[in-house]
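Student: Under this note's numbering, the first residue of the sequence shown carries the number 1, and numbering increases by one thereafter.
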Amino acid sequence: MPIPAFDPREFRATLGTFTTGVTIITARGADGLPVGVTANSFNSVSLDPPMVLWSLAKSSRSLQAFQQAGHFAVHILSAGQEELSNRFAKSGADKFSGVNLGEAAGGAPLLPDCSARLQCRTSFVYEGGDHLIFVGEVVAFDRSGLPPLVFQAGKYAVATRKVTTPAPAATLDAGWSEDHLPYLLGRAYFQVYFRIREQVRADGLSDDEYFILSTLAVRDGRTQAEIEAGLSHAGCNCGFPVLAGLRQRGLLRGEDSPRDLLWFLSDEGRRRTLQLIAGAKDIESTVLDGLGEWDAVALKNLLKQLVLSTDPGLPDLWSPSSLHATAAGA
Ligand SMILES: Cc1cc2nc3c(=O)[nH]c(=O)nc-3n(C[C@H](O)[C@H](O)[C@H](O)COP(=O)(O)O)c2cc1C
Numbered sequence: 001m002p003i004p005a006f007d008p009r010e011f012r013a014t015l016g017t018f019t020t021g022v023t024i025i026t027a028r029g030a031d032g033l034p035v036g037v038t039a040n041s042f043n044s045v046s047l048d049p050p051m052v053l054w055s056l057a058k059s060s061r062s063l064q065a066f067q068q069a070g071h072f073a074v075h076i077l078s079a080g081q082e083e084l085s086n087r088f089a090k091s092g093a094d095k096f097s098g099v100n101l102g103e104a105a106g107g108a109p110l111l112p113d114c115s116a117r118l119q120c121r122t123s124f125v126y127e128g129g130d131h132l133i134f135v136g137e138v139v140a141f142d143r144s145g146l147p148p149l150v151f152q153a154g155k156y157a158v159a160t161r162k163v164t165t166p167a168p169a170a171t172l173d174a175g176w177s178e179d180h181l182p183y184l185l186g187r188a189y190f191q192v193y194f195r196i197r198e199q200v201r202a203d204g205l206s207d208d209e210y211f212i213l214s215t216l217a218v219r220d221g222r223t224q225a226e227i228e229a230g231l232s233h234a235g236c237n238c239g240f241p242v243l244a245g246l247r248q249r250g251l252l253r254g255e256d257s258p259r260d261l262l263w264f265l266s267d268e269g270r271r272r273t274l275q276l277i278a279g280a281k282d283i284e285s286t287v288l289d290g291l292g293e294w295d296a297v298a299l300k301n302l303l304k305q306l307v308l309s310t311d312p313g314l315p316d317l318w319s320p321s322s323l324h325a326t327a328a329g330a
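1) Less than 7 Å between C-beta atoms, sequence neighbours within five positions excluded: which residues of the same chain meet that for residue 160?
2) Could you give the C-beta distance for residue 108 and residue 28, rounded to a whole number, given that I count them as a contact under 8 Å?
3) Hey, how far is the Cα of residue 280 from the Cα of residue 182?
4) Under the three-state reduction of DSSP, which class applies to residue 214: helix, strand or coil?
5) Judging by CA-CA distance, which residue of 89, 119 and 77 is the nearest neighbour of residue 113?
6) Going by DSSP in three states, residue 182 sits in which element: helix, strand or coil?
7) Is it buried or exposed, residue 138, if we count other Cβ atoms within 10 angstroms and call 16 or more buried?
8) Quick check: what's the CA-CA separation for residue 362 versus residue 71?
9) If you draw a straight line from the C-alpha of residue 223 to the C-alpha of residue 16, how long is it?
10) Once you ignore the five residues that flank residue 6 on each side, which residues in its own chain have a CB closer than 8 Å to its CB?
11) Can you tell me the Cα-Cα spacing of residue 194 and residue 272, whole angstroms?
12) From what residue to what residue does the alpha helix (DSSP H) around residue 265 run?
13) Taking 8 Å as the limit between beta carbons, can you name the residues of its chain near residue 42, skipping five residues before and five after?
14) Would you give the residue range spanned by the beta strand (DSSP E) that residue 81 belongs to?
15) Which stretch, first to last residue, makes up the beta strand (DSSP E) that contains residue 373?
16) Pairing CB atoms from the region 244 to 254 with CB atoms from the region 303 to 311, are three or more of them under 8 Å?
17) The beta strand (DSSP E) spanning residue 34 covers which residue range?
18) Provide the residue(s) that pair with residue 148 in DSSP beta bridges, ordered along the chain.
19) Taking a contact to mean a Cβ-Cβ separation below 8 Å, would you say residue 232 touches residue 252 in this structure?
20) CB-CB under 8 Å to residue 284, same chain, minus the five flanking residues each way: which ones, in chain order?
21) How about residue 122 and residue 57: are their beta carbons less than 8 Å apart?
22) Any chance the region 204 to 224 sits against the region 233 to 245, with 3 or more Cβ pairs inside 8 Å?
23) Indicate whether residue 200 and residue 79 have their beta-carbon atoms separated by less than 8 Å.
24) Return yes when at least one heavy atom of ligand 1 lies under 7 Å from the C-beta of residue 40, else no.
25) Which stretch, first to last residue, makes up the beta strand (DSSP E) that contains residue 135?
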């Protein structure tokens with residue numbers, strides 16, 4: 001639909017609806033110094049000969065270097081490279097410091113851990129309004145299989161594949177709960193934890209005991225109140241009888257302190273807990289392998305978003321200071 005007055009912000013937002021990957025393009029300038037910019041204007045042009053293009057703002061500090069270089073390297077960023085993308089999107093800073101660089105055709109710096117990389121010889125440079133369009137012939141490329149970083153509507157995103165089987169109709173009389181978030185979360189948790197539970201039971205432990213031991217494996221020397229605060233979200237019974245039972249079986253020891261009784265893992269308790277955690281990690285890997293790397297990244301990303309957006313202020317289990325603060329304030 002045409003817009004009456006051409007609003008640049010609206011134009012930018014409209015272009016932003018086109019979902020892209022994110023690249024960093026590098027080159028070595030005539031002065032021998034490396035340059036690099038984050039760019040999502042990258043696109044494929046031709047298969048035979050193999051050619052790609054991207055565009056660079058005329059205001060870019062690296063413009064002259066790219067014009068003179070004769071070669072450039074395109075790095076298609078992986079989902080974990082958001083920080084690197086931000087670093088190369090800032091003008092002037094020392095963008096390459098601390099990065100383990102290789103060397104591409106024409107001396108262009110080659111960045112590690114990308115989804116894919118293309119080494120190019122610059123074939124044409126065209127005028128494109130306030131940008132220059134660089135077209136390059138691809139002389140070498142490689143691909144890691146890492147899931148890509150995505151850019152959508154001005155924000156980073158991750159790619160996930162669509163489920164191809166039709167979702168069940170969410171009607172009240174045909175099992176409304178099948179598409180109901182708490183049902184899906186609960187069922188997914190049950191099905192994943194079910195496998196871990198088998199190991200826990202084989203080790204003679206209850207779920208509550210396993211949760212307590214694994215919390216103390218992160219950091220022990222916690223009071224009962226601190227353990228309870230950290231595990232309240234799991235509905236865990238961390239009462240004195242459970243702790244005392246673990247002590248009686250030689251898995252925990254209690255130490256008096258001016259604050260309260262502090263609970264520590266015994267050597268045997270630590271050994272057994274670390275073994276169980278290693279088993280749980282293996283089960284996690286198997287489950288995530290079944291999803292594939294892309295969907296594993298997307299799933300964890302969505303779950304973290306959900307945890308953050310619905311957090312009623314639970315203590316962070318992994319941060320000693322926040323746990324102390326919450327427990328002390330409770
Ligand atoms: C996701 C993303 C995509 C970008 N795409 C482009 C692009 O295609 N072309 C461009 O000139 N700048 C693009 N930029 C902005 C440049 O990365 C930024 O202006 C950079 O600071 C230029 O560096 P320089 O001035 O040191 O050369 C993008 C920035 C981000 C965050």
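Ideal Cβ placement from N, Cα and C applies to all residues, glycine included.
Tutor: Straight from the coordinates:
1) 294, 295 and 298
2) 6 Å
3) 23 Å
4) helix
5) 77
6) helix
7) buried
8) Missing from the structure shown is residue 362; the chain here goes from 1 to 330 and no further.
9) 51 Å
10) none
11) 19 Å
12) Unbroken run through residue 265 is the beta strand (DSSP E), 261 to 265; no alpha helix (DSSP H).
13) 20, 21, 23, 25, 52, 53, 54, 74 and 76
14) Premise fails: residue 81 is in no beta strand (DSSP E) and is neither H nor E.
15) Coverage of the chain is limited to positions 1 through 330, which leaves residue 373 absent and any answer about it impossible.
16) no
17) 34 to 39
18) 78
19) no
20) 192
21) no
22) yes
23) no
24) yes
25) 131 to 143
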